[in-house]
Structures are given as structure tokens and as C-alpha cells.
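All remarks here apply to the structure that follows.
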Amino acid sequence: MTKKWSTPARYLTLILIIILVVILGWYMHPIFQPLIIAGLIAYIMMPLVNLAKERLGMKHKLAVNLVYFLSLSLVLASPVLFVPELIVQIQVFSNDLVRIYEQALSFLSEPIRLGTFVFDASDYLSELEGSVLAVLTSLPEQALHIIESASRNAAWFFVIVVAVYYLLLDWDKLRELFIRQAPEAYRRDARLIFLEIKQLWAAYLRSQIALMAIVGTVFTIAWFSIGLPGALIIGILTGLLNIIPDVGPMVATVIALAVALLEGSLFLPISNFWFAVLILVIFLVLVNLKNVWLRPRLMGRSVHLHEGLVFVAIMAGAAPCACPTWRPHRSCREHAGARRQGYAPTF
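Here you go:
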């Protein structure tokens, strides 16, 4: 007959397990981010797997192989298609930088007159040239850091690629494994909570994809309408980078400003500087319209939160984390409260 553990022994065991989990989590925390990314990618790809199973009558493993390797082929083929054009654009950009540097040296070599005030910047040219030389001499060292970082990122990319495949292949088993961790009497509740959280996150991801598509389309039309060179690419990039709230569109707009200052408009009869100012004004108007009206509506409807709360979260910079997690948290709290008061929870 097995002797039942005493209460102090059980508490001590629980504390030791928690300490062990925290220590393991601390040492293994670098792998959490790639696994989270892999989970999101697998979650986005899972509807395609289900579609192949339903429409084509495939078995689960065959559908996973079809969707996974087709997607992987597209990802690996993309650099082959875009690298030649990217090299050309880098060469053009480097030539523009050299031209801007030469123009700056020529401009600073002559005294600048503002009424009776004369500013001679020629004394600072040697310092400017020394700064540029210091940057150039540090490039080999920076290149080694870039190679090291690229190698590390390539290793994490491999982890993500492999993890996505196994998550697609064995997600049903993993889901049942997690649900079975609950006591048998509460497994039905655990399954219902899981399904509701799944529906909320699916709606949230759909709203983000819709937001990216709308932002990309609107910015593309705006850039085309004022004659920005490369309007299509920059507009698409703005939409894709919208997955990083505000920072992503800002990066794309900085690229648009650089293009405007270097190339100017294709048909507007204004200087490059005022063309860049026009781009900045359009960016500020569209981004504020997105944050004040469009984004709260899409996110609020997807996670069943009031648009005002979503707007406050956006202004506080917490929308990407707070909005998709607050509603599931509230659902779990309501479920626990219903069980505690003795009536069946509603979903």
C-alpha cells in the first residue's frame, strides 16, 4: 500500500517543480521567440491544410506536405526572383549616396552668407572627411558582426521551418495532450475555453490581415496619385510592415522620403524638398486616420471590445498585446466565475 504524501511534502514538491520550471525557462528563453513565430505561422497555414483536406479529400499528412512544401518553395524562390533587382537598387542607392556626399562637400567648401552673417564651413570639412573615413574603416568589423548575426538568424530560421512542419502535422495530438492535463471532470470546460480562444485569435488575425491589405492599398493609391517613383513596391511594403504597429509604416515612409528627396515626383512641378514634405503630410494624415477610426473598428469587432477601449490601448501603445489577450482572459474569468457560482457558463 502506497503511503499518501503529507501536506508539507506536497507543498515542497510543488515549490521545487516551480523553481525547476523557472530555471529551465530562463536558460531556454532564447528559443521561445522562434517557437512563438512558428506557432503563429502554423496557425495561419492550418486553414489551407483544412481546405485541402475538405475540398481535395486528402489525408492530413498529405495535405500538410502539400501546403508546407509549396509554401516553403515560394519562400525560398522569392530571393532568387528579387535579389537581382535588389542588387541593382542597392547600386543605384550607393551611387546616390556618393553624389549627395560630393554635393555636400562642394556646398560646404564655400562660405554661406545670410545677410551680414557669413559662416565658413570649410574648417569643418576635415572633421567631416575624418568621420566618413572612420565609418569606412569600421566596415570590415561591422561586416563580421553582420555575418555572425546572419548565421545565428539562419539557425533560428531553420528551427522555425522545422517547428512549423511538426506543428502542422501533430497539432491535433498536441491539443489533446494539453487538454488532458486538466482533471477529467473539467476537460469539457477546457475544450470549450480552447475553442473560444481559438475563434477570438482567428478573428484577430483576420482583422490584422484586412488592416494590412487596406493600408497597403490606400498608401499605394496615394503614392501613385502624387507620382512617387516605385509607388507600388513602397505601398505594398507599407501594408506588409503594418504588422509592426506604426513603426512599420514609418520605416516604409522613410524610404518614400528618401526616394522623394533623390528622385522627385514623376509629374508634379515641385522641388524634391516640397515633394518630400507632401509625402510626410500624407503619411501623418493617413496614419492618424488609421489609428483613430479604422484600426479601432477592425480590432474592436474582432475581439468583441468597445472601439473606445481599443483606441485608448492604441494611444497607450498596448494594442498589439492587450487587445488579443484581454478578451480571452475575460472569457476565462467569466467561465471560472460561473462554475464557482454553480451554473453552466455561456460561450
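1 is the number of the first residue of the sequence shown in the numbering used here; add one for each residue after it. Think of the CB as a built atom: it goes at the ideal place given N, C-alpha and C, for glycine as much as any other residue.
For residue i, report the span of its alpha helix (DSSP H) as first-last.
{"i": "residue 59", "result": "Unbroken run through residue 59: none, as it is neither H nor E."}
{"i": "residue 198", "result": "187–225"}
{"i": "residue 26", "result": "7–27"}
{"i": "residue 261", "result": "247–263"}
{"i": "residue 233", "result": "231–241"}
{"i": "residue 292", "result": "No alpha helix (DSSP H) holds residue 292; DSSP gives it neither H nor E."}
Out of the options, state which residue places its alpha-carbon closest to the alpha-carbon of residue i.
{"i": "residue 34", "options": "62, 154, 50 and 18", "result": "154"}
{"i": "residue 261", "options": "308, 61, 49 and 99", "result": "99"}
{"i": "residue 226", "options": "27, 264 and 238", "result": "264"}
{"i": "residue 296", "options": "204, 80, 63 and 231", "result": "204"}
{"i": "residue 283", "options": "268, 235, 23 and 269", "result": "235"}
{"i": "residue 371", "options": "197, 272 and 45", "result": "The first residue shown for the chain is 1 and the last is 347, placing residue 371 beyond what the model contains."}
{"i": "residue 40", "options": "176, 187, 253 and 198", "result": "198"}
{"i": "residue 232", "options": "248, 252 and 247", "result": "252"}
{"i": "residue 193", "options": "184, 202 and 179", "result": "179"}
{"i": "residue 66", "options": "257, 299, 169 and 28", "result": "169"}
{"i": "residue 30", "options": "272, 159, 285 and 5", "result": "159"}
{"i": "residue 259", "options": "17, 299 and 223", "result": "223"}
{"i": "residue 200", "options": "298, 271 and 181", "result": "298"}
{"i": "residue 202", "options": "47, 10, 272 and 18", "result": "47"}
Hey, residue i and residue j are a contact pair by Cβ (cut 8 Å); roughly how many whole angstroms apart?
{"i": "residue 302", "j": "residue 206", "result": "7 Å"}
{"i": "residue 42", "j": "residue 162", "result": "Their Cβ separation, rounded to whole angstroms, is 11 Å, which puts residue 42 and residue 162 out of contact at 8 Å."}
{"i": "residue 238", "j": "residue 249", "result": "5 Å"}
{"i": "residue 356", "j": "residue 167", "result": "Only positions 1 to 347 of the chain appear in the structure, and residue 356 is not among them; the question remains open."}
{"i": "residue 278", "j": "residue 257", "result": "Contact flag wrong, Cβ pair sits at about 10 Å."}
Note to self: Count Cβ pairs between the segment 216–230 and the segment 278–297 that sit closer than 8 Å; are there 3 or more?
What the structure shows: yes
Margin query: Count Cβ pairs between the segment 202–216 and the segment 239–257 that sit closer than 8 Å; are there 3 or more?
Written below: yes
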